[in-house]
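These protein sequence lines map, in sequence, to chains A and B. Mapping to numbering that gives the first Met the number 0: the first sequence position 221 is 220, numbers consecutive. Mapping to numbering that gives the first Met the number 0: the second sequence position 87 is 86, numbers consecutive. Using N, Cα and C, we set each Cβ at its ideal position, and we do this for glycine too. Have a look at the structure below, then the notes.
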Amino acid sequence: MSALVQIDNVSFHYAKDTAVLKDIDFSIDKNSFVTLLGPSGCGKSTLLNLIAGFHPTYDGRIEFEGKQVKKPSKDQGFVFQDLALFPWLSVRKNVEFGLKMQKVPKEKRETKVKKMIEMVGLSDYDSFPISSLSGGMKQRVALARTLVTEPNLLLLDEPFSALDAQTRDVLQDELLQLHTKLSTTTLLVTHSIDEAIYLSDTVILLSKNGTIKDIVNIEIDRPRERTSSAYNFYQKKLYDFLKEERQSL
Amino acid sequence: MSMVLRKVNRWKMGWLAVLFVLVVWSAVSLNYPSYVFPGPVDVFKEGVNQWEKGELTSHIVVSLKRLVIGFFLSAIMAFLIGILAGASRKFREFLTPLVTFFQATPPMAWAPLLIILLGLGDAPMIAVIIIASFFPILINVMQGMNHIPESHVQAARSLGAKGWRLGYFVYLPEITPAAISGIYVGFAISWRSLVAAEMIGGNSGIGYFIAFNGQIGNTSSVILGILLIGFMALLMDYLLLKPLQKRFAGWASRNENE
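Put into C-alpha cells, the structure is as follows:
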C-alpha cells in the first residue's frame, strides 16, 4: 500500500492565535478509512480543512497524491458539517453540480447522477427541493454530491452529528457499503468513539493541545459487532483517552 | 381544498375593499359639484372619453417605457457593483458614504437639475428612475453577498467551481432573494419618483397628464390619473415582480418555512 496523503511536521495557527495544531505527522494509505478523534477544540476540523486546501498557508508539508496542497482540488471530496447543500437546486441538480463544474458532457453527467442517486436510495426524490428532505436524506444528498465526482479522497467533517441515533446507524452502514464498493480513501472527523471504532481502519487521537496523542489500528473484521469483546476493548481504550484529555484541562 | 377556499376568501375581501372605497367616494362626492370633486361614475365616463381620444394611452406607454428602461439599467448596474462591493472590503468602504448620501436625498430633488442638463424628453426621467432604484437594489445585493455561507463557497470550490462559474452558479443564486427585496423597494420608489418628476418638468407621461389636467381644472382626469398610477403598480406587481420572485427566490421562502 502506498500513501495517498502524507503529512510531515505540520503546525498551524489562525491569525494572532496560539497554535491550533503542532507537529502533526501521519499518512493515509490508499483505500483506507481513517478517523480523526478528539475533544472539541483540538483542531481536528482545522486539520481536515488544511488537507482540503482551504487554508493555503501553514507550516510543514501536506502532500496529496505526491503534490503539496495549496488550494482545493477536485480530486478531493468534502462533506461539510452543515452539509452546504445548495438550497436553490433540486436533489438531482445538487448531485450534478460538481460534474457540471468539471465540464463533464451532459449525457455522461446524467447517467452518473442517476446511478449515484440510485446508490443512495433517493431515486424517488430526485426532483425534490432540498428544504423538503429529512436530515438523513440531506446527508445522503451531500454524500452523493461529493462521491459522484469520483474523488480519490473523501473528507467528512462530523457528517452525522446532527442526526438521531437510528438514522446515524443506518447512514454509517451505508457509508461503509459505499466505501467498500467505490474503495474511496476516506478521512472522517468525529467526536464519537463508537463512530470511530465502527467505521475506521485507523483512529488518530488528537489531544487538546493540538498534537497527536496516539494512532490506533482497529483490528476487527467487518461487519463489526458493537457488543463484541474486541469492540469493547477499543471502546475502553478510546474512552480512557478522552477521559484523560478532560482531566488534563 | 382549504387553500382554494382561502384564496377565494382573500379575493372576496379584496373586492370588498374596492367596494368600500367606491361607496365612501360616492357619498363624499355627492356634497360637491362634479367639477370640484367628481364621483366614480364621472371618472369612469372621463376614462372612456380619454380612451377614445387616445392621448392618455400614449402617456401611459411613455411612462411605462421610461420605467422599464430605467429600472432595467439600474438593476444591472446595482447587481454588478453590489457583487464587486460584496467581494472587496475596500470598495465597500469607498461606497458606503456615497450610498448613505444618495439614500438620504429624495430622487425628486434631482429632477430640476437633470431636466436642465438633459432636456425635457425621456433622458431626465430615466435618470430619476436610476437614482431612485439603484441604491435600494445595491444595498440589498451587498447584504446578500455578506450573508453567503462560507461553506457553500468552499463546497462549490472543492467541487471544481471557479472564476465566472463560481459567480454565476453560486454567488448569483445566493444573492437573488435579497436582490429581489431590493427590487421591490426600488420599484416602489422609482415609480413614485417618475410620476412626480413628470409632474414638475415633463411634457409627456402619466405625471404630466395629471399636472396638465389639474392646471385646466379637469378634476375627473386628475383622479383618473391617480387611479391609473396605483392600478399600474398593482399590475406590474402581479405580472412582473411576483413571478420574478417565485421563479428566482422561491427557494428562500421555502427554507424559511422549514
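Check, Outcome
"Coarse secondary structure for A:Glu218, derived from DSSP in three states", "coil"
"Interfacial residues, the region 215-239 of chain B to chain A, with Cβ spacing under 9 Å", "none"
"Three-state class that DSSP yields for A:Asp7 in the structure shown", "strand"
"Span of the alpha helix (DSSP H), counted from its first residue to its last, around A:Asp28", "Here A:Asp28 belongs to no alpha helix (DSSP H); instead the beta strand (DSSP E) covers 20-28."
"Within chain B, the residues that A:Phe159 reaches when beta carbons sit closer than 9 Å", "Result: empty, since nearest Cβ-Cβ is about 16 Å, beyond 9 Å."
"B:His58 classed as buried or exposed, judged by whether at least 16 other C-beta atoms fall within 10 angstroms", "buried"
"Residue interval of the alpha helix (DSSP H) (run including A:Ile203)", "Careful: A:Ile203 lies outside any alpha helix (DSSP H), inside the beta strand (DSSP E) at 201-205."
"Exposure label - A:Glu224; buried when at least 16 CB within 10 Å", "exposed"
"Same chain, Cβ closer than 7 Å to A:Thr210, neighbours up to 5 away in sequence not counted", "Lys21, Asp22"
"Three-pair Cβ contact test at 8 Å for the region 151-170 of chain B versus the region 97-109 of chain A", "yes"
"The region 94-101 of chain B contacting the region 109-128 of chain B, beta-carbon criterion three pairs below 8 Å", "no"
"Three-state class that DSSP yields for A:Thr110 in the structure shown", "helix"
"Collapsed DSSP secondary structure at A:Gln101 in the structure displayed", "coil"
"Secondary structure of A:Phe77, DSSP reduced to three states", "strand"
"Check whether B:Ser219 and B:Glu54 have beta carbons under 7 Å apart", "no"
"Beta-ladder partner(s) of A:Ile211, from DSSP", "A:Leu205"
"Any non-hydrogen atom of the ligand FMN closer than 6 Å to A:Pro71 Cβ", "Absent from the structure shown: the ligand FMN. Ligands present: none."
"Burial state of A:Asn93, where buried means 16 or more other Cβ atoms lie within 10 Å", "buried"
"Three-state secondary structure assigned by DSSP to B:Val17", "helix"
"Chain-ordered neighbours of A:Phe79 on chain B, where CB pairs are closer than 8 Å", "Ser150, Gln153, Ala154"
"Cut-off 7 Å between Cβ atoms - residues of its own chain near B:Arg88, not counting five sequence neighbours on either side", "none"
"Beta-carbon contacts of A:Pro128 that lie in its chain and below 7 Å, excluding the five residues immediately before and after", "Ser89"
"Touch test, the region 175-186 of chain A against the region 158-165 of chain A, Cβ-Cβ under 8 Å, three pairs minimum", "no"
"Unbroken beta strand (DSSP E) run spanning A:Arg60, endpoints", "58-63"
"Interface flag, A:Met136 vs chain B, CB-CB below 7 Å", "no"
"Min CB distance B:Ser157 to chain A below 7 Å", "yes"
"Cutoff 7 Å: A:Ala83 Cβ touching any chain B Cβ", "yes"
"Under 7 Å by beta carbon: chain B residues contacting A:Phe96", "Leu158"
"Any C-beta of chain A under 7 Å from that of B:Trp163", "no"
"Span of the alpha helix (DSSP H), counted from its first residue to its last, around A:Asp239", "228-246"
"In DSSP terms, what A:Leu251 is bridged to", "Here chain A covers residues 0 to 248 and nothing more, so residue 251 of chain A does not appear."
"Residues near B:Pro32 in its chain [Cβ-Cβ closer than 7 Å; skip 5 each side]", "none"
"Close Cβ partners of A:Tyr230 (< 7 Å) along its chain, the five nearest in sequence each way excluded", "Ile196, Ile219, Arg223, Glu224"
"Chain B residues whose Cβ lies nearer than 8 Å to that of A:Gln75", "Ser157"
"Own chain partners of A:Gln80 with C-beta closer than 6 Å, once the 5 adjacent residues on each side are dropped", "Asp156, Glu157"
"Length of the line joining the Cα atoms of B:Tyr183 and B:Leu240", "7 Å"
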